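*Asks:*
In the UniProt record's numbering, the protein residues as written are 1 to 229.
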């Protein structure tokens, strides 16, 4: 099996939707983040080392958007060092309390194209608090195998301008490319001037650890972000 699980990040709950820009706001948005470990669906993508990440996107008045996200990765010697995720999508308010987002993302490794694959990610947000994510790839990890990801999560305000977030996800595969497994996260964050600081505790169940070894051990992840996203 392929232990070099590749990834999209976006917050720790995976692919959170971009809100449509108001008419008086710039349609362009960017964010730069330093993380102590790039963790995707419970597994480290940087061999438990820190890295930098960046995102740039453009959103139209009707909710269509496109962008690119980038991160350092470390899958071992002579393996890819960079992950690029170009994406396109559509975000819309279904009603006053429900938002829907659909995004097609391409996982690209410039120096290791044999890892490249596509994924469709949908996220439904309820009352600006709870999220339900469904993701599908017909070629997960470029293995010619179907892969599904289901996740639920939420974010809640805490005193002193802190926020609490938590979520759990289930990874399932059609063939025996990997064991089906659970991943989870719980964390707090707060804005300090132009920076947003987050601290999360993430992990997987025993099947995740079977798939990815120490890369899926429970761990604390620190992030510091700057930008407009």
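C-beta atoms are modelled at their ideal positions from N, C-alpha and C, and glycine is treated no differently. Since this is a predicted model, take the numbers as computed values, not measurements.
Between 128, 151, 127 and 113, which has its C-alpha nearest residue 136's C-alpha?
*Replies:* Here residue 136 refers to the residue found at position 136 when the chain shown is read from its first residue. If we check each option's Cα against that of residue 136, 151 comes out closest.
*Asks:* How big is the Cα-Cα spacing for residue 88 and residue 70?
*Replies:* For the purposes of this step, residue 88 is identified with residue 88 of the chain shown, where counting begins at 1. For the purposes of this step, residue 70 is identified with residue 70 of the chain shown, where counting begins at 1. Spanning the two alpha carbons is a distance of roughly 15 Å.
*Asks:* Near residue 163, which residues of its chain fall below 8 Å by C-beta distance, leaving aside the five closest residues on each side in sequence?
*Replies:* Within the chain shown, residue 163 is the residue found at index 163, counting from 1. Taken in chain order, the residues that qualify are 155, 156, 157, 188, 189 and 190.
*Asks:* Counting C-beta neighbours from all protein chains within 10 Å, is the total for residue 192 16 or more, i.e. buried, or is it exposed?
*Replies:* Here residue 192 refers to the residue found at position 192 of the chain shown. So residue 192 ends up on the exposed side.
*Asks:* State the Cα-Cα distance for the pair residue 110 and residue 132, rounded to the nearest angstrom.
*Replies:* Residue 110 sits at position 110 when you count from the first residue of the chain shown. Residue 132 sits at position 132 when you count from the first residue of the chain shown. Approximately 31 Å, taken between the alpha carbons.
*Asks:* State buried or exposed for residue 173, treating a residue as buried only when at least 16 other CB atoms are found within 10 Å of its CB.
*Replies:* Within the chain shown, residue 173 is the residue found at index 173, counting from 1. Classification for residue 173: buried.
*Asks:* Cutting at 7 Å between CB atoms, please list the residues of its own chain near residue 181, excluding the five before and the five after it.
*Replies:* Indexing the chain shown from 1 puts residue 181 at position 181. The residues are 171, 204, 205, 207, 208 and 211.
*Asks:* With 16 as the cutoff for other CB atoms within 10 Å, does residue 38 come out buried or exposed?
*Replies:* Here residue 38 refers to the residue found at position 38 of the chain shown. With 16 or more Cβ atoms within 10 Å of its Cβ, residue 38 is classed as buried.
*Asks:* Measure how close the beta-carbons of residue 124 and residue 105 come, nearest whole angstrom, since I'm counting them as under 8 Å.
*Replies:* Position 124 of the chain shown holds residue 124. Position 105 of the chain shown holds residue 105. The pair is not a contact, with the Cβ atoms about 17 Å apart (cut-off 8 Å).
*Asks:* Can you tell me whether residue 61 is buried or exposed, with buried defined as 16 or more other CB within 10 angstroms of its CB?
*Replies:* As a first step, residue 61 must be located in the chain shown, where it is residue number 61. The residue in question, residue 61, is exposed, as its Cβ has fewer than 16 Cβ neighbours within 10 Å.
*Asks:* If we ignore side chains and look at the alpha-carbon of each, how far apart do residue 217 and residue 43 end up?
*Replies:* Taking the chain shown and counting its residues from 1, the one referred to as residue 217 is at position 217. Taking the chain shown and counting its residues from 1, the one referred to as residue 43 is at position 43. One C-alpha to the other measures close to 8 Å.
*Asks:* For residue 48, collect the residues of the same chain with a Cβ closer than 8 Å to its Cβ; drop the 5 residues on either side in sequence, then sort them by chain order.
*Replies:* By one-based count along the chain shown, residue 48 stands at place 48. Hits under 8 Å: 37, 214, 215 and 219.
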